[in-house]
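Data block below; observations after.
Chains as they are written, first to last, in the numbering used here: chain X, 364 to 671; chain Y, 1067 to 1345.
The structure is reproduced here in structure tokens:
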């Protein structure tokens, strides 16, 4: 295989019983591969099922159809391999900063000695710049600091995949920028595979290696996968001087403004849900050819064969 | 006025108390010699008839009685003459035992009801029917089955403390924030750790509210229960002094009941403050 799929969503759908009988389909037939070490952002309007996709990936929700395969294994529930940073930080308010992080570390390594657990927790609290605030309760922290604790808690269990559900949407612009910088630094340094939900175009452009565009729900699907043409070493301050910056930004905005609405009813010719077109704004937008090898097989059929 | 609110409120409280005591004193004061009569006959008739003194004791008499009780609260001069401290101790012991038994039942069962929608639905009709029953209505049944008046009083306290704690525990457990449970799920936290480290602390303020309501009800009910079962306790003391026509002692006991009730409530409030977390 040329591109080993670390995460593979294979034809997942989520349907809910509709009020008047029948079923509402939030999204269906979603196919998405993610490579190890990749930072993927999903963009779409409210109601397209982004959060549901993330919850399925986290194991908190299960798809009505299809499977998600992570590292060769179908997901059957939540796992310590996949850490979640929640939108509303979800800290336990009766525990201190240190208590919140040690709770996670202790869950991951129940048999390690107390000192080790505390040292691990302190290391990650320091990593997000909160050293010295270990004894504080969440109520004593600002919104940005709370989310930092949420990030430290997720990273402290050293997960294979980091899942983020609009983690910065409740923060002010300045705090959001700082936290984006830190998340980017940490993910680059550790080669963390990250899957993030957002509706902020600039956030996606700054953080992601690939940006997944989802059409409006109900019945949402992946319209295309945008490869980020910006260099991997990015600097927030002169990002907008990059020749492809506005090409990319306009492409994303165009999608959110019009194409997200019209895409489902009039998909481009040759559109295949299994292989959503991969585009690279700046270069001439063209679907990346899919190799005609075993790679086109869903990984589910693959997983049982050790030597394909 | 620049005094703090606490200071001014305290001052106002003192003024109100003084006014009440003065009115009380004036209202029960003797009006002087009402009828001329033979001194020996007057002694026989008592001050009420001869000097217009009200049968209701004044604040000074009650104060003196209260002082006498507080100075020697633990004397025992026989079954019908024991210090008010001993009577209170009996009542507190009964409330304590019945209440703790209720805690031991209500918190685990409430946990079960709160965690399981099935149990919640299944037990709801029973709880709804049992909750509004006056605890004293259980008394005859308890006396008949238990055949011991002391244990029956404890049972009545148990049954009346049970419901507020049960309902509040179930509610607190059922309404633990979904995101906290999701945190526990993504961290693969086991059921025991989840119950003790996530659900219990999250529901503790609600549980403590139920416990505080329960201790209040238990203290209300113990007086009535002891009036029925007799023998010992502050409720029995009140009833006994009524039979003795000692209104002074009855008023003293009422005061003591109020103060102890307040102390019990404050203890639970203090405990509730310990487990409350700011969001």
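All C-beta atoms in this analysis are idealised placements derived from N, C-alpha and C, irrespective of residue type, glycine included. Note that this is a predicted model, so its numbers are computed, not measured.
Cβ shell of residue i (< 6 Å), same chain only, five flanking positions each side left out
i                       : result
residue 491 of chain X  : 511, 514, 515
residue 1264 of chain Y : 1246, 1250
residue 361 of chain X  : One cannot answer for residue 361 of chain X here, as it falls past the ends of chain X, which runs 364 to 671.
residue 649 of chain X  : Low confidence applies here, because residue 649 of chain X scores a pLDDT of 48, under 50, leaving its location unreliable and the question unanswered by this model.
residue 661 of chain X  : Confidence in residue 661 of chain X is poor, its pLDDT being 43 and thus under 50, which makes the residue's placement too unreliable to answer from.
residue 479 of chain X  : none
residue 1077 of chain Y : none
residue 1140 of chain Y : 1149, 1151, 1152
residue 534 of chain X  : 506, 507
residue 1092 of chain Y : none
C-beta neighbour in chain X for residue i, strict 7 Å
i                       : result
residue 1234 of chain Y : no
residue 1255 of chain Y : yes
residue 1322 of chain Y : no
residue 1343 of chain Y : yes
residue 1298 of chain Y : no
residue 1012 of chain Y : Chain Y is shown only over 1067 to 1345; residue 1012 of chain Y falls outside these bounds and no answer can be derived.
residue 1245 of chain Y : yes
residue 1123 of chain Y : no
residue 1260 of chain Y : no
residue 1045 of chain Y : Outside the shown range of chain Y (1067 to 1345) lies residue 1045 of chain Y, about which nothing can therefore be said.
residue 1145 of chain Y : no
residue 1251 of chain Y : yes
residue 1267 of chain Y : yes
Minimum Cβ-Cβ distance from residue i to chain Y less than 7 Å
i                      : result
residue 456 of chain X : yes
residue 480 of chain X : no
residue 423 of chain X : yes
residue 453 of chain X : yes
residue 460 of chain X : no
residue 449 of chain X : yes
residue 534 of chain X : no
residue 467 of chain X : yes
residue 476 of chain X : no
residue 370 of chain X : no
residue 420 of chain X : no
residue 417 of chain X : no
residue 437 of chain X : no
residue 470 of chain X : yes
residue 525 of chain X : no
residue 530 of chain X : no
residue 426 of chain X : no
Contacts around residue i, its chain only, beta-carbon distance under 8 Å, and the 5 residues preceding and following it disregarded
i                       : result
residue 1287 of chain Y : 1201, 1202, 1222, 1223, 1226
residue 541 of chain X  : 507
residue 1087 of chain Y : 1125
residue 422 of chain X  : 438, 439, 440, 441, 442, 445
Same chain, Cβ closer than 7 Å to residue i, neighbours up to 5 away in sequence not counted
i                       : result
residue 1303 of chain Y : 1150, 1153, 1319
residue 497 of chain X  : 459, 460, 461, 485, 488
residue 427 of chain X  : 376, 377, 378
residue 1307 of chain Y : 1315, 1316, 1319
residue 392 of chain X  : 374, 376, 584, 636
Rounded distance between the beta-carbons of residue j and residue i, thought under 8 Å
i                       : j                       : result
residue 1301 of chain Y : residue 1157 of chain Y : 7 Å
residue 1231 of chain Y : residue 1162 of chain Y : Contact flag wrong, Cβ pair sits at about 15 Å.
residue 611 of chain X  : residue 645 of chain X  : 7 Å
residue 1220 of chain Y : residue 1160 of chain Y : 5 Å
residue 609 of chain X  : residue 602 of chain X  : Going by Cβ atoms, the distance from residue 609 of chain X to residue 602 of chain X rounds to 11 Å, so no, they are not a contact pair.
residue 1252 of chain Y : residue 437 of chain X  : Actually they do not touch by this definition, with Cβ atoms about 18 Å apart.
residue 537 of chain X  : residue 417 of chain X  : Contact flag wrong, Cβ pair sits at about 26 Å.
Where the beta strand (DSSP E) containing residue i begins and where it ends
i                       : result
residue 595 of chain X  : First-last for residue 595 of chain X: undefined, no H or E at that position.
residue 1177 of chain Y : Counting along the chain, residue 1177 of chain Y falls outside any beta strand (DSSP E), though it belongs to the alpha helix (DSSP H) covering 1150-1181.
residue 396 of chain X  : 386-398
residue 404 of chain X  : 402-406
residue 528 of chain X  : 524-528
residue 429 of chain X  : 428-433
residue 445 of chain X  : 445-448
residue 574 of chain X  : 573-577
Opening and closing residue of the alpha helix (DSSP H) in which residue i lies
i                       : result
residue 379 of chain X  : Where residue 379 of chain X is concerned, there is no enclosing alpha helix (DSSP H), although the beta strand (DSSP E) it sits in stretches over 368-380.
residue 1259 of chain Y : 1257-1260
residue 558 of chain X  : Note, residue 558 of chain X: premise wrong, no alpha helix (DSSP H); beta strand (DSSP E) at 556-561.
residue 1317 of chain Y : 1313-1341
residue 1106 of chain Y : 1105-1111
residue 1267 of chain Y : 1266-1295
beta-carbon residue i near the ligand SAH non-hydrogen atom, thresh 6 Å
i                      : result
residue 631 of chain X : As far as ligands go, the structure on display features none, and thus does not contain the ligand SAH.
Original post:
At a cut of 8 Å, does the segment 1180-1192 of chain Y reach the segment 1326-1334 of chain Y through at least three beta carbon pairs?
Top reply: Contact between the segment 1180-1192 of chain Y and the segment 1326-1334 of chain Y is absent, because fewer than three Cβ pairs lie under 8 Å.
Original post:
For the 8 Å Cβ check, are there 3 or more pairs between the segment 617-627 of chain X and the segment 581-588 of chain X?
Top reply: yes
Original post:
On the three-pair Cβ rule with 8 Å, is the segment 1234-1244 of chain Y touching the segment 411-429 of chain X?
Top reply: A contact between stretches requires three or more CB pairs, one per stretch, nearer than 8 Å, and the segment 1234-1244 of chain Y fails this requirement with the segment 411-429 of chain X.
Subject >> Inter-stretch contact (C-beta, 8 Å, three-pair minimum) for the segment 1265-1274 of chain Y and the segment 1133-1149 of chain Y >> reply: no
Subject >> At least three beta-carbon pairs within less than 8 Å, the segment 565-574 of chain X to the segment 612-621 of chain X >> reply: Per the Cβ contact rule, the segment 565-574 of chain X is in contact with the segment 612-621 of chain X (3 or more Cβ pairs under 8 Å).
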